[in-house]
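In what follows, a structure is listed as structure tokens, so that the remarks can point back to it.
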Amino acid sequence: MVLPFQIILGTMWACLGPKLFKYHNIQYVLLFSTVFGLTSILVASTVKSWLAFYFFFVCCQSVVTGPLYIMPIMNSWEWFPNNKGLATGFMTAAYVFGSFFANNLLLNTVNPGMVPLDPNEINGNSFYPKE
Numbered sequence: 000m001v002l003p004f005q006i007i008l009g010t011m012w013a014c015l016g017p018k019l020f021k022y023h024n025i026q027y028v029l030l031f032s033t034v035f036g037l038t039s040i041l042v043a044s045t046v047k048s049w050l051a052f053y054f055f056f057v058c059c060q061s062v063v064t065g066p067l068y069i070m071p072i073m074n075s076w077e078w079f080p081n082n083k084g085l086a087t088g089f090m091t092a093a094y095v096f097g098s099f100f101a102n103n104l105l106l107n108t109v110n111p112g113m114v115p116l117d118p119n120e121i122n123g124n125s126f127y128p129k130e
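Structure (structure tokens):
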């Protein structure tokens, strides 16, 4: 339920990324996206309800993923205008390689004790089991 919605929202925001870069300073867009993304991850790691976690981790992260994902790809097109497909392939491979290592770091940030999810508690009241 988390991943499909995050992919859909990330794709929607990725389409808006080039528009943001065209009309606003790239450094400010990247700074805002990075600060907003890190803040949403930290807030998601402290909330106790599933809906709040879902909002901060999925919705807020999708707003960040779009511009931060498309910006390096757009820059690679400027460096290699005759090989846009090859540049996009290398950039996408770099994202996959980076997410392979960042996934464990992010998981430890959101769930520091690696507490297993209690399926009886996913009713909007609590995400992790009561201690």
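Going by numbering that gives the first Met the number 0, the sequence shown opens with residue 0, and the numbers climb by one from there. Glycine residues also receive a C-beta, built at the ideal position from the N, C-alpha and C atoms. Treat the numbers as computed from the prediction; the structure is a model and nothing was measured.
Please go through the same chain and pick out, in chain order, the residues whose beta-carbon is closer than 8 Å to the beta-carbon of Thr45, but skip the five residues on each side of it. none
Using only alpha-carbon positions, find the residue among Cys59, Tyr27, Gly88 that is nearest to Met73. Gly88
In this structure, how does DSSP classify Asn74 when only helix, strand and coil are distinguished? helix
Helix, strand or coil, according to DSSP, for Phe52 in the structure here? helix
Closer than 7 Å by C-beta to Phe55: which residues in its own chain qualify, once you throw out the five before and the five after it? Chain order, please. Ser39, Val42, Ala43, Val46
Anyone know if the C-beta pair for Val62 and Gln5 falls short of 7 Å? no
Over the uninterrupted alpha helix (DSSP H) stretch that includes Asn102, give me the two end residues. 83-109
C-beta contact flag for Gly16 and Pro66 at 7 Å: yes
Between Trp12 and Thr91, how many whole angstroms is the CB-CB distance? I'm expecting something under 8 Å. Wrong, their Cβ atoms sit about 17 Å apart, outside the cutoff.
For Pro66, name the three-state secondary structure that DSSP assigns. helix
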